[in-house]
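Residue 85 is where the sequence shown starts when you use the numbering used here, and the numbers rise one by one after that. Even glycine gets a Cβ: it sits at the ideal position worked out from N, Cα and C. Have a look at the structure below before the remarks.
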Amino acid sequence: MENKRRIFLKQACAPVLMAALGIPVLEACSKEEGSEDSGTSPTKSGPVTINLSNAQFSDLGNVGGWVNYLAENLLLIRISTTEIRAFDNACPHQGNRDGWSFADNTFTCSYHNNSYENSCSGSLRCYSTSIANGILTVSR
Ligand code: FES
């Protein structure tokens, strides 16, 4: 459904521009076409290793700490001293990756305020992980 809308807007925007219907229409086209740059990039594949001593991941040092690792499209959360859970950071609603907040064991996407539990049996795509010698490995 979303892809059909996106394709329609991409095809419709050129004629709309030529018809010079006004600035609000131009802004709508620009926003839609730029959506892939604003957090809806394709899912990545392949294992990821993360050095947990890197300052970028310091929030994972405490249970409940989390990081949205946009460079690898991963949403990471410390579950216990021995477990960090990893999810694809694509929102199940429309795929946005950059609007997450976390409270009460629940991730909330700011785009439309949908919430998802930090469980591997929930709606977020969950990957298996392991920790050894301060290195987190995410298998995907
Ligand atoms: S894209 Fe996340 S709630 Fe809509």
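Check                                                                                                                                              : Outcome
How would you label D188, buried or exposed, when you count the other beta carbons within 10 angstroms and need 16 or more for buried?             : exposed
Can you find a heavy atom of the ligand FES that lies under 8 Å from the Cβ of N198?                                                               : yes
Where does the unbroken beta strand (DSSP E) through N264 begin, and where does it stop?                                                           : Here the chain covers residues 85 to 224 and nothing more, so residue 264 does not appear.
May I have a chain-ordered list of the beta strand (DSSP E) segments no shorter than 3 residues that lie completely inside the stretch 158 to 201? : 158 to 164, 167 to 172, 184 to 187, 190 to 193, 198 to 201
Would the stretch 170 to 182 count as touching the stretch 205 to 213 if we require 3 or more Cβ pairs under 8 Å?                                  : yes
What did DSSP end up calling L154 once you bin it into helix, strand or coil?                                                                      : helix
Could you work out which residue in F191, F141, L160, R181 is closest to G123 when comparing CA atoms only?                                        : R181
In angstroms, rounded to a whole number, what distance separates the CA positions of N146 and L159?                                                : 15 Å
With a threshold of 8 Å (Cβ to nearest heavy atom), would Q178 be considered close to the ligand FES?                                              : yes
Roughly how many angstroms separate the alpha carbons of A155 and W184, rounded to a whole number?                                                 : 15 Å
Could you tell me the distance, in whole angstroms, from the CA atom of P126 to the CA atom of N217?                                               : 31 Å
Less than 7 Å between C-beta atoms, sequence neighbours within five positions excluded: which residues of the same chain meet that for N135?       : G218, I219
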